[in-house]
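Numbering (this note's numbering), first residue to last: 1 to 199. Beta carbons: idealized from backbone N, C-alpha and C, even for Gly. Just so you know, these numbers come straight off a predicted model, no measurement behind them. Inspection log for the structure reproduced underneath, given as structure tokens.
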């Protein structure tokens, strides 16, 4: 019987813990339908697929594979394992070196060509997403709209506009003066603001 380890990941605050449980439920159903034995589960919550070093769940899965604990690492899709070709190939090669492999909901055993193809697609997706995000932020900035989360000194208005909060703007001017004119460090400025009980 094929032994599988399940791997689930979500990457940001736009997803949530339910994403992991939803993925795991799909993986458990898939393994049962294939007659595979689930022997372990690994997860990484709120961690980008672009960062290999900060993925304790995936790193633990790779270490378990090296100990011969499972035959296939089952993920919803390859992009749950990695968001670029280099990292996906690294995962696939480490598994292959110990006789294990990758399986997804759509592929029982991912082959090298599939790794290359899916890795390039995921890498291209991230690159395009980054460019679109930067373009959108630049466009919003040109229109005087918010480009991210609310900053101290501003309040959000309908339609994405921002408005200066006069009391907070005064604090910002004071911080600027302490930094530029008084040559205070950021630590000294923070201490002064805390002494004056300024939030």
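Under the three-state reduction of DSSP, which class applies to residue 108: helix, strand or coil?
-> Coil.
Ordered along the chain, which non-local residues of its own chain (more than five positions away) have a Cβ less than 7 Å from that of residue 43?
-> Cβ neighbours of residue 43 beyond the five flanking positions: 8, 9, 20, 57.
Determine the closest residue to residue 100 out of 18, 92, 187, with distance taken between C-alpha atoms.
-> Closest option to residue 100, Cα to Cα, is 92.
What is the rounded straight-line gap between the Cα of residue 74 and the Cα of residue 25?
-> Inter-residue distance for residue 74 and residue 25 is about 12 Å (C-alpha atoms, whole angstroms).
Does the Cβ of residue 78 have 16 or more other Cβ atoms within 10 Å, making it buried, or fewer, making it exposed?
-> Flag for residue 78 reads buried.
According to the Cβ coordinates, are residue 68 and residue 38 closer than 9 Å?
-> No, they are not a contact pair.
Would you give the residue range spanned by the beta strand (DSSP E) that residue 151 belongs to?
-> No beta strand (DSSP E) contains residue 151, which DSSP labels as neither H nor E.
Using the Cα positions of residue 52 and residue 135, report the straight-line distance between them to the nearest angstrom.
-> Whole-angstrom Cα-Cα distance: 27 Å.
Please confirm whether residue 178 and residue 188 have their CB atoms less than 9 Å apart.
-> Result yes, Cβ atoms of residue 178 and residue 188 sit closer than 9 Å.
Can you list, in chain order, the residues of its chain whose CB lies under 7 Å from that of residue 3, leaving out five sequence neighbours each side?
-> Result list for residue 3: 37, 39, 70, 71, in chain order.
Every unbroken beta strand (DSSP E) within the segment 44 to 90, with a cutoff of 3 residues, ordered by chain = Fully enclosed beta strand (DSSP E) runs of 3 or longer: 72 to 75.
Pick out whichever of 176, 185, 171 has its Cα sitting closest to the Cα of residue 199.
-> Considering only alpha carbons, the answer is 171.
Could you give the residue range of the alpha helix (DSSP H) that holds residue 171?
-> Its alpha helix (DSSP H) spans residues 166 to 180.
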